[in-house]
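**Student:** Numbering (our numbering), first residue to last: 4 to 689.
First the structure, which I've put down as structure tokens, then a few questions once you've had a look.
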């Protein structure tokens, strides 16, 4: 009974919920659905080939076992669809409609198909149709809100099958006959109770068992809750529960709600409070940390309580290496109402804040464990409670991957009231940093687009120009990272306007430099040099010498690409001088290296050799072995051009020795680009 699988569509009476491995009931419905797959459609009858996937609809109210039936149907027919089974939830536990673009991206991820980061909804759905064009696959679309949602995700491939679960008919999709579910018949309801409670209490009072099944209206979710209540009370008779439900006025409540209230009211006070507070959990996904923060109790106690809930049908245990549970959709409205009845609004806000604060601290720990060479991060990590620490970077990455849907939902929850308070800023910033640290900016780009898009949406609605500039800069960086340079340029220009409106010199200067970088990437070197020059003037006016030195280098690079070597040399020399003044040895070595390169391009080989030797010395002082090796290879090429084969061989062998001694880097390691993607705001905390 510990694996009762309560899912968002009701109760899954599948092999994991049935000791004998049989699917319980719904024989007629399964037969009709399988026959409907083979049924000739209207297009076939008219002599045309069906243009799209066949759609099957299973309709029923939450708790009727509609998702369980869909899962069993998919299990039975999966062997006929070698392209695999793809699943997407189209509704949140609270009934909120999932955007089509998000669902399409999840399906593309499951297919390992390229999903352009930041792409609009129509581009994502087109990519999904392309990915499924030559596959014979099954799509299970759960909790569909409307026909438009389903229609946008349907493959243009008649060899595919879409099994859709909804509360009612999907008007607008042609040739769909709904399979409408009611409750289980009394015999099947009694059999389910017997599986959950043991056969003895059922056989000693079969009439009471039948009466209880009827009081539950045959709804599998209500029957599982009733069975869990009885299983937790070995001495209680079935008639006792039937009597309580009979005396409890039904009113407008469904059977699931009536049994759920009874179960809630019979729990210990602390467990009942935790149960109703789970209605706040983002995406309906709960782990021990989330529950502990909501209820204000130790993580170990929360874990034990959650296991008890899952054992008695109140939660679905998500199969994974780390404990995670899902609040079933059929119970979410009840838990929400119970929380409103028993908790004061201030207490609910406090529970929400505790949960988000715990999430922030876990994300800080998740990121800090990757910064093995940062003493401050290591010290901060050791200062955290043991319960918040991860055993290894891999464990942190696994947690981040498992909790990803809940973390993104937490970000949406943090700004759901249209505000961007300090806690929301911290959550966004730490989520971005953790994803960039573990997955790399490129791999996490889609999620980062969503996070920064949330900030931009709030900033625009609340007319917050500083936050708008920060979000636009971050989104522009993502566009630039994913090859959408023209889009990046548009965002950077908008960020510049917002920065000027906010009178934010950092955002203004940063936007100017980014506009220059976009022009450089697009090959417009004159505009690039001009915008870098504007950014340089801002830095010089504020006395930011180190940043000014870096910008001299960017201007030098633009002139180099344009073939204006005289201007390039002047700016690279200014960069070298600036880095020298500020004691940045590594930056000085790199600038000297580029200066030597431009001198070589300009035909000044003697000067290039002297500068290159100087760069080698500064690279040695900076302990940059790879730069030293690259410079020795450049010296080898220069000496070959001068006809000095012996010197060329000496420098080449030195470079090869250095590279051989240098430990090979892991090319699969993620980029550490969190600094380019964090929420930039004066009030944002680390």
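Note that CB positions come from ideal geometry on N, CA and C, so glycine has one too.
Evaluate the contact criterion for the segment 180 to 200 versus the segment 27 to 45: three or more CB pairs, one atom per stretch, below 8 angstroms.
**Tutor:** Touching, yes, given that three or more Cβ pairs across the two stretches are closer than 8 angstroms.
**Student:** So, with DSSP's three-state summary, where would you put residue 668?
**Tutor:** To locate residue 668, count along the chain shown from 1; it is residue 665. Reliability fails at residue 668, whose pLDDT of 48 lies under 50, so the model's placement of it is uncertain and the value that follows must be treated cautiously. Coil, per DSSP.
**Student:** From residue 334 to residue 206, what distance separates their C-alpha atoms?
**Tutor:** Looking up residue 334 in the chain shown gives position 331. Looking up residue 206 in the chain shown gives position 203. Whole-angstrom Cα-Cα distance: 30 angstroms.
**Student:** Less than 7 angstroms separating the beta-carbons of residue 621 and residue 591?
**Tutor:** In the chain shown, the residue the question calls residue 621 occupies position 618. In the chain shown, the residue the question calls residue 591 occupies position 588. The answer is yes: Cβ separation under 7 angstroms.
**Student:** Expressed to the nearest angstrom, what Euclidean distance is found between the alpha-carbon atoms of residue 299 and residue 588?
**Tutor:** Taking the chain shown and counting its residues from 1, one reaches residue 299 at position 296. Taking the chain shown and counting its residues from 1, one reaches residue 588 at position 585. When rounded, the distance between both Cα atoms is 50 angstroms.
**Student:** Are there three or more Cβ pairs, one per stretch, closer than 8 angstroms when the segment 326 to 333 is compared with the segment 307 to 315?
**Tutor:** Enough Cβ pairs lie closer than 8 angstroms, so yes.
**Student:** Compare the C-alpha of residue 593 against each of 617, 609 and 467 and name the closest.
**Tutor:** On the chain shown, position 590 is the one that residue 593 refers to. Cα-wise, what sits closest to residue 593 is 617.
**Student:** Nearest to residue 58 by CA position, among 173, 604, 83 and 445, is which residue?
**Tutor:** One-based indexing of the chain shown puts residue 58 at position 55. Comparing Cα-Cα distances from residue 58 to each of 173, 604, 83 and 445, the minimum goes to 173.
**Student:** Any beta-carbon of chain B closer than 7 angstroms to the one on residue 568?
**Tutor:** No chain B is present in this structure, which holds just one protein chain.
**Student:** For the alpha helix (DSSP H) that residue 517 lies in, which residues bound it at each end?
**Tutor:** Locating residue 517 in the chain shown gives position 514, where the first residue counts as 1. Looking at the DSSP string, the run of the alpha helix (DSSP H) that includes residue 517 is 508 to 524.
**Student:** Per DSSP, what are the beta-bridge partners of residue 94 in this structure?
**Tutor:** As a first step, residue 94 is located in the chain shown; it is residue number 91 there, counting from the start. Bridge partners of residue 94: 100.
**Student:** Do three or more CB pairs link the segment 386 to 393 to the segment 261 to 269 at distances below 8 angstroms?
**Tutor:** In short, these stretches do not touch, since the Cβ pair count stays below three.
**Student:** Excluding the five sequence neighbours on either side, which residues of its own chain have a C-beta within less than 6 angstroms of the C-beta of residue 662, listed in chain order?
**Tutor:** In the chain shown, counting from the first residue as 1, residue 662 sits at position 659. So the list reads 632, once near-sequence residues are dropped.
**Student:** In terms of DSSP beta bridges, what is residue 182 paired with?
**Tutor:** To locate residue 182, count along the chain shown from 1; it is residue 179. DSSP lists 61 as partners of residue 182.
**Student:** Could you pull out every residue in the same chain whose Cβ sits closer than 7 angstroms to the Cβ of residue 285, ignoring the five residues on either side in sequence?
**Tutor:** As a first step, residue 285 is located in the chain shown; it is residue number 282 there, counting from the start. Taken in chain order, the residues that qualify are 409, 412, 413 and 416.
**Student:** Please go through the same chain and pick out, in chain order, the residues whose beta-carbon is closer than 6 angstroms to the beta-carbon of residue 639, but skip the five residues on each side of it.
**Tutor:** Counting from one through the chain shown, the residue named residue 639 turns up at place 636. 651, 654 and 655.
**Student:** Under DSSP, the beta strand (DSSP E) around residue 423 begins and ends at which residues?
**Tutor:** Against the chain shown, residue 423 aligns to sequence position 420. Residue 423 -> no beta strand (DSSP E), and no H or E assigned at all.
**Student:** Is residue 337 closer than 7 angstroms to residue 260 when the C-beta atoms are compared?
**Tutor:** Counting from 1 along the chain shown, the entry for residue 260 is found at position 257. Counting from 1 along the chain shown, the entry for residue 337 is found at position 334. For residue 260 and residue 337, yes; Cβs fall inside 7 angstroms.
**Student:** State the CB to CB distance for the pair residue 2 and residue 85, rounded to an integer number of angstroms; the pair is presumed to be in contact (CB under 8 angstroms).
**Tutor:** Outside the shown range of the chain, which is 4 to 689, sits residue 2, and nothing can be said about it.
**Student:** Assign residue 664 to buried or exposed, taking buried as 16 or more other Cβ atoms, counted over all protein chains shown, within 10 Å of its Cβ.
**Tutor:** By one-based count along the chain shown, residue 664 stands at place 661. The residue is exposed, with fewer than 16 neighbouring Cβ atoms inside 10 Å.
**Student:** Would you tell me roughly how many angstroms separate the C-alpha atoms of residue 539 and residue 159, rounded to the nearest one?
**Tutor:** Within the chain shown, the letter at position 536 stands for residue 539. Within the chain shown, the letter at position 156 stands for residue 159. Going from the Cα of residue 539 to the Cα of residue 159 covers about 53 angstroms.
**Student:** Thinking C-alpha only, which one of 354, 492, 642 and 66 is nearest residue 692?
**Tutor:** With the chain represented from 4 up to 689, any question about residue 692 goes unanswered, as that position is not in the structure.
**Student:** Buried or exposed: where does residue 542 fall if 16 or more other Cβ atoms within 10 Å of its Cβ makes it buried?
**Tutor:** On the chain shown, residue 542 is found 539 positions in, with the first residue counted as 1. With 16 or more other Cβ atoms within 10 Å, it is buried.
**Student:** Below 8 angstroms, can you find three or more Cβ-Cβ pairs linking the segment 513 to 533 to the segment 557 to 570?
**Tutor:** Cβ pair count under 8 angstroms is three or more, so yes.
**Student:** Does DSSP put residue 146 in a helix, a strand or coil?
**Tutor:** As a working mapping, residue 146 is identified with position 143 in the chain shown. Looking at residue 146 - three-state DSSP - the assignment turns out to be strand.
**Student:** In angstroms with no decimal places, state the Cα-to-Cα distance between residue 112 and residue 118.
**Tutor:** Translated into the one-based positions of the chain shown, residue 112 becomes position 109. Translated into the one-based positions of the chain shown, residue 118 becomes position 115. Whole-angstrom Cα-Cα distance: 7 angstroms.
**Student:** Per DSSP, which residues does residue 319 bridge with? Please list them.
**Tutor:** Indexing the chain shown from 1 puts residue 319 at position 316. For residue 319, which the question treats as bridged, DSSP gives the partners 329.
**Student:** What span of residues does the beta strand (DSSP E) with residue 166 cover, start to end?
**Tutor:** As a position in the chain shown, residue 166 is number 163, starting the count at 1. Residue 166 -> beta strand (DSSP E) spans 164 to 169.
**Student:** What three-state label does DSSP hand residue 289 in the structure shown?
**Tutor:** What you label residue 289 is simply residue 286 of the chain shown in a count that begins at 1. Residue 289: strand per DSSP, three-state reduction.
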